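Numbering (this note's numbering), first residue to last: 26 to 292.
Structure record follows, encoded as structure tokens.
Okay, here's the thing in structure tokens:
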């Protein structure tokens, strides 16, 4: 399987449904977003920010490879691919994560797959704030967490946004809680000014360095997954699951030892 890119792998039978959707929508629904390639569940399971990006993009690579193997042209389907990410509390790391993800996908599309349409280079993504970061203890603190997470997503370039409600660690949100979550978005959109500028933190020496660090770590994971045989093979062999489980275990240890402080939970 020789192709322009270096991430081409034999297609799996399980990919046939989605490649058929790509083909049909390209012909009949050209403005329909054919797939949401999700990293949200990966982060909720306990992955790091780097793992979230790496495993999500690896899955995206698998979908692209399958579509190319079917005979579709990259610029026929790539502009309608969409992604779905999480937003957690480490403010600058999350912004760097989104910026790195956009940069890596553009490089993959241009340099590995030879996409010519600028729309194919864009990593268009939705963001939902981190459900697993919400605490049942002192739930009003979650309003602040959600605000920081939503702001990080906007500064990182998200196209759409979901803000969780303060009481989701306890039950389905009340109407009041859902309204606060909505107002959080609206205040960011209409009062903060952060949505008026593209990449407002671009050029910050700290943000650029952090973005570079995240990107390097993500490429390392992508190279490892390539060695295994692609994202599908990595899942089948349990590689991604083991990496996520270990990250979740380490994070829980840091909380229980109070190395990481969760306000109202462990301190």
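Ideal Cβ placement from N, Cα and C applies to all residues, glycine included.
These figures come from a predicted structure and were not determined experimentally.
Residues of its chain near residue i, where Cβ-Cβ distance is below 6 Å and the 5 sequence neighbours each way are ignored
i	result
residue 110	64, 150 and 152
residue 259	250, 253 and 265
residue 242	75
residue 28	Note that residue 28 scores 42 on pLDDT, short of 50, meaning its location in the model is unreliable and no value can be drawn from it.
residue 123	181 and 182
Residues of its chain near residue i, where Cβ-Cβ distance is below 8 Å and the 5 sequence neighbours each way are ignored
i	result
residue 240	125, 128 and 129
residue 274	71
residue 203	190
residue 281	291
residue 115	74
Buried or exposed (CB count within 10 angstroms, at least 16 for buried), residue i
i	result
residue 199	exposed
residue 252	exposed
residue 229	exposed
residue 81	buried
residue 246	buried
residue 57	exposed
residue 161	exposed
residue 223	exposed
residue 267	exposed
residue 113	buried
residue 263	exposed
residue 78	buried
residue 219	exposed
residue 155	buried
The alpha helix (DSSP H) enclosing residue i, as first and last residue numbers
i	result
residue 203	200-216
residue 166	166-181
residue 235	230-253
residue 145	143-146
residue 187	It is not in any alpha helix (DSSP H) - residue 187 instead sits in the beta strand (DSSP E) that spans 185-187.
residue 224	No alpha helix (DSSP H) contains residue 224, which DSSP labels as neither H nor E.
residue 100	99-102
residue 270	264-281
residue 286	Neither: residue 286 is in no alpha helix (DSSP H) and is coded neither H nor E.
residue 163	Careful: residue 163 lies outside any alpha helix (DSSP H) and carries neither H nor E.
residue 302	This structure gives no information on residue 302, because the portion of the chain shown stretches from 26 to 292.
residue 122	116-132
residue 194	Counting along the chain, residue 194 falls outside any alpha helix (DSSP H), and DSSP gives it neither H nor E.
residue 260	256-261
Limits of the unbroken beta strand (DSSP E) element including residue i
i	result
residue 108	106-112
residue 152	150-154
Sequence-distant residues of its chain with Cβ nearer than 7 Å to residue i (five each side left out)
i	result
residue 92	44, 47 and 102
residue 141	100
residue 279	285
residue 283	291 and 292
residue 166	160, 288 and 289
residue 120	177, 180, 181, 226 and 232
Count the CB pairs spanning the segment 205-224 and the segment 172-184 that are closer than 8 Å, and state whether there are at least three. yes
Runs of alpha helix (DSSP H) lying entirely within the segment 42-87, each at least 4 residues, in chain order: 65-69
Below 8 Å, how does it come out for the segment 46-63 and the segment 91-111: are there three or more Cβ pairs, yes or no? yes
Cβ contact check for the segment 189-199 and the segment 130-137: 3 or more pairs under 8 Å: no
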